[in-house]
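*Asks:* What follows is a structure written as C-alpha cells; I'll ask about it next.
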Amino acid sequence: MKTLGTPQQQIEFSLQPADNARLASLCGQLDEHLRRIEAHFGIEIANRGNAFRLTGAPEPAQAAERVLQNLYAATASDPYINSATVEQALRVVGSGDAVADDSDTHLRTRSA
9 MKTLGTPQQQ IEFSLQPADN ARLASLCGQL DEHLRRIEAH FGIEIANRGN
59 AFRLTGAPEP AQAAERVLQN LYAATASDPY INSATVEQAL RVVGSGDAVA
109 DDSDTHLRTR SA
C-alpha cells in the first residue's frame, strides 16, 4: 500500500468496550470488512483484538479511523454489520459531511 513519495502515518487506537462479538462483526468474515476499508482508503489495517493500527497517508488513515469508530459504535445497538453497512459508512465519511465530533453521524444497520 505504500506509495513512493507519500508520507506514511501510523494511527494506533483501541475500540472500547472490548467485545469479541462486536469486533467479529466489525471485521467481517475473514476480515472482509477491514479489507474493503483498506482498499477504499489505500491504507493497511492491522488489529489484535480491539487494538488497531492504521498505516497510510495521513488523511485517508484518519478517515478510516472514523469509519471504524462509527461502525463499532453502530454495533452497540445492532451487533450485525454487513457489506451494505460498511459501504454506507464509507459514503458518510467520504462525503465530507462527517465531522470530528461524530455525535450526529448515525449508521443504520439492517436486521437479519
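Using our numbering, you'd call the opening residue of the sequence shown number 9 and step up by one each time.
Don't be surprised by glycine CBs; every beta carbon is placed ideally from N, CA and C.
So F60 and F21 are in contact, right, with Cβ under 8 Å, and what is the actual spacing, rounded?
*Replies:* Along the sequence shown, one-based indexing puts residue 60 at 52. Along the sequence shown, one-based indexing puts residue 21 at 13. Contact holds; Cβ gap of about 6 Å.
*Asks:* Compute the distance between the beta-carbons of Q24 and N55, then report whether it is under 9 Å.
*Replies:* Start at 1 with the first residue of the sequence shown, and residue 24 comes out as number 16. Start at 1 with the first residue of the sequence shown, and residue 55 comes out as number 47. No, they are not a contact pair.
*Asks:* I need the straight-line Cα distance from I89 to P66, nearest angstrom please.
*Replies:* On the sequence shown, residue 89 is found 81 positions in, with the first residue counted as 1. On the sequence shown, residue 66 is found 58 positions in, with the first residue counted as 1. Our two residues, I89 and P66, have alpha carbons roughly 26 Å apart in a direct line.
*Asks:* Just reading off the beta strand (DSSP E) that N198 is part of, what are its end residues?
*Replies:* No answer is possible for residue 198: it lies beyond the span of the chain, which begins at 9 and ends at 120.
*Asks:* Kindly indicate which three-state DSSP category S91 falls into: helix, strand or coil?
*Replies:* On the sequence shown, position 83 is the one that residue 91 refers to. In the structure shown, S91 sits in a helix (DSSP, three-state: H, G or I).
*Asks:* Have a look at E40, A26, L34, I45 and flag the residue whose alpha-carbon is nearest the alpha-carbon of G102.
*Replies:* The residue given as residue 102 occupies position 94 in the sequence shown. Comparing Cα positions, the closest option is I45.
*Asks:* Drop a sphere of 10 angstroms on the beta-carbon of L38, count the other beta-carbons inside from all chains shown, and report buried for 16 or more, exposed for fewer.
*Replies:* Along the sequence shown, one-based indexing puts residue 38 at 30. Exposed: under 16 other Cβ atoms inside 10 Å.
*Asks:* What are the boundary residues of the alpha helix (DSSP H) that S33 is part of?
*Replies:* By one-based count along the sequence shown, residue 33 stands at place 25. Start and end: 28 to 35.
*Asks:* Is Q17 helix, strand or coil by DSSP?
*Replies:* As a working note, residue 17 is residue 9 in the sequence shown. Q17: strand per DSSP, three-state reduction.
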